[in-house]
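Everything below concerns the one structure shown next.
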Amino acid sequence: MYLLSTSIEIAAPPATVRDKFLDFSSIPEYTPNGFVRSIAPAASDKSPRDLKPGDQLKCSIGYGKMQISPTLHENTSSTFSWRGSLLGVFAGVHMFHFEEIPGLGEGQKSRTRFVHEEKFTGVLSFLIGENFVAKWVGANEDTRKGFNGFNQDFKVWVERAESRK
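In this text, residue positions in the sequence shown follow this note's numbering: the first is 43, and each later residue adds one.
The structure is reproduced here in structure tokens:
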């Protein structure tokens, strides 16, 4: 198992960040060329807020190169995650966490540490690790760059909406 974890601080409370995250239809707006291109319930009659563990998703990741149909693992106020695999050689749990960072002083809003990570398993999961082959292939660095790019795009979008309030 290999864990790749990234995070960013967003100037908005966790409930707001989670609400914006679940607005899957806006992903193309705030990160049109990003690592995560789309997330949607497989059943078109389901709202992202109503998804339950075991529900299927449709996702386009890896800059649109990979289409996956993972299974929702968790959809709570603090975590949204799915289990999926790619061609049976990569598998894992992809997670988004919404962690509160208390305000610094009176009258300041709480902030959110948005954590974007994946626990990789499967036959080729070692390619995400820190070994020589993994470094040569560059999958860890490319994936980390993709996660960080999504995080940054998402942060800008959320904070822009918060500043208009």
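Where is the CB? At the ideal position from N, CA and C, for every residue including glycine. Owing to the predicted nature of the structure, the values given are computational and were not obtained by experimental measurement.
Using DSSP bridges, identify the partner residues of I69.
-> Indexing the sequence shown from 1 puts residue 69 at position 27. I69 pairs with nothing; no bridge assigned.
Can you check DSSP and say which residues form a bridge with Q150?
-> To locate residue 150, count along the sequence shown from 1; it is residue 108. The partner list for Q150 (beta bridge, DSSP) is empty, contrary to what the question assumes.
Alpha-carbon to alpha-carbon, I50 and Q109 = Here the question's residue 109 lines up with position 67 in the sequence shown. Here the question's residue 50 lines up with position 8 in the sequence shown. Each residue's Cα considered, the two are about 26 Å apart.
Taking the DSSP output, what are the residues bridged to I170?
-> Counted from its first residue, the sequence shown places residue 170 at position 128. Per DSSP, I170 has no beta bridge partner at all.
Can you name, in chain order, every residue of its own chain whose Cβ lies under 6 Å from the Cβ of V175, other than the five neighbours on each side?
-> Looking up residue 175 in the sequence shown gives position 133. There are no such residues.
CB contact flag (K161, V135, <8 Å) = Here residue 161 refers to the residue found at position 119 when the sequence shown is read from its first residue. Here residue 135 refers to the residue found at position 93 when the sequence shown is read from its first residue. By the CB criterion at 8 Å, K161 and V135 fall inside the cutoff.
Does the distance from the CB of N193 to the CB of T58 come in under 8 Å?
-> Here the question's residue 193 lines up with position 151 in the sequence shown. Here the question's residue 58 lines up with position 16 in the sequence shown. No, these two residues do not count as a Cβ contact at 8 Å.
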